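Novice: Residue numbers (the numbering used here): 109 to 263. Note that CB positions come from ideal geometry on N, CA and C, so glycine has one too. Bear in mind the structure is a predicted one, so any value in this text is a computation, not a measurement. Okay, here's the structure, questions in a sec.
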Amino acid sequence: MAFECFNIPDYCGAGIYAIINSQDFKCYVGSSKNIALRAVQHKTALNAGNHPNKKLQKDCDKKLRFVILQKFEDISDKELRIAEKVYMIGMMLENFKLYNISPSSAKTREDIAYSISCDLMRILHTSERISDSIKNEYGVKPGYLYYRKPENRNN
């Protein structure tokens, strides 16, 4: 089925984008190091009828728009994935339903927020820092403190 689903932006840098179906208030939020190339990939797959996101493919006859939500000058892959999740929450807060939330992935803003927190904890090495701090302060591994009675934890 050939149709004109959206225009390709001329921006070839990194960023966060959305494919918006304003008729049904749904969107697909994504990120890419090359927004224009990613838009071409989405459009080609939709026009060929083989987009990997079946819900988006099903609505390809709707008036879809490709919108750049944020551009980045310099961003790591990890930071880009976190920014994508933040924008997913933002779109949900604006009452959009997300095409790219499947039964096997996060279903709520809280699930996505938890995922962002876990990503940030990995980047910041939070678990290791907590473990080191507790080991230095108490001379034990953190799991050991869990089994000690609260009244004896400072001894």
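If we ignore side chains and look at the alpha-carbon of each, how far apart do Cys226 and Lys193 end up?
Specialist: Computed Cα separation, rounded: 12 Å.
Novice: If we count Cβ pairs, one from each stretch, closer than 8 Å, do we get three or more for the stretch 222-239 versus the stretch 146-164?
Specialist: Contact between the stretch 222-239 and the stretch 146-164 is absent, because fewer than three Cβ pairs lie under 8 Å.
Novice: So Arg173 packs on Phe114, CB below 8 Å; how close in whole Å?
Specialist: About 5 Å; that satisfies the 8 Å criterion.
Novice: According to DSSP, is Pro211 part of a helix, a strand, or is it coil?
Specialist: Residue placement at Pro211 cannot be trusted, given a pLDDT of 49 that sits under 50; the coordinates are not used to answer.
Novice: Would you verify that the beta carbon of Ser140 is, or is not, closer than 8 Å to some beta carbon of chain D?
Specialist: In the displayed structure, chain D is absent; only one protein chain is listed.
Novice: Can you give me the Cβ contacts of Ile183 inside the same chain, cut-off strictly under 6 Å, excluding the 5 residues immediately before and after it?
Specialist: Excluding residues within five positions, the ones whose Cβ falls inside 6 Å are Ala122.
Novice: Are the beta-carbon atoms of Ala126 and Leu177 separated by less than 8 Å?
Specialist: A contact, by the Cβ cut-off of 8 Å.
Novice: In whole angstroms, give me the CA-to-CA distance for Tyr195 and Glu202.
Specialist: Whole-angstrom Cα-Cα distance: 10 Å.
Novice: Using DSSP bridges, identify the partner residues of Gly123.
Specialist: Beta-bridge pairing links Gly123 to Ser140, Lys179.
Novice: On a Cα-Cα basis, can you pick out the residue from Gln131, Glu218, Phe204, Phe180 that is closest to Lys170?
Specialist: With distances taken between Cα atoms, Lys170 lies closest to Gln131.
Novice: Going straight from the alpha carbon of Ala147 to that of Gly198, what length do you get?
Specialist: Roughly 21 Å separates the two Cα atoms.
Novice: Residues in the same chain with beta-carbon distance under 7 Å from Asn129, minus the five sequence neighbours each way, listed in chain order, please.
Specialist: Correct list, in chain order: Cys135, Asp167, Lys170, Leu172.
Novice: Got a sec? Which residues, its chain only, sit under 6 Å from Lys141 by beta carbon, not counting five neighbours each side?
Specialist: Contacts found: Ala122.
Novice: Below 8 Å on the Cβ atoms is my guess for Ala144 versus Cys120; work out the distance and round it to an integer in Å.
Specialist: With 8 Å as the limit, Ala144 and Cys120 qualify as a contact, their Cβ atoms being about 5 Å apart.
Novice: Can the beta-carbon of Met200 be found less than 8 Å from the beta-carbon of Arg217?
Specialist: Their beta carbons are under 8 Å apart, which means Met200 touches Arg217 by this criterion.
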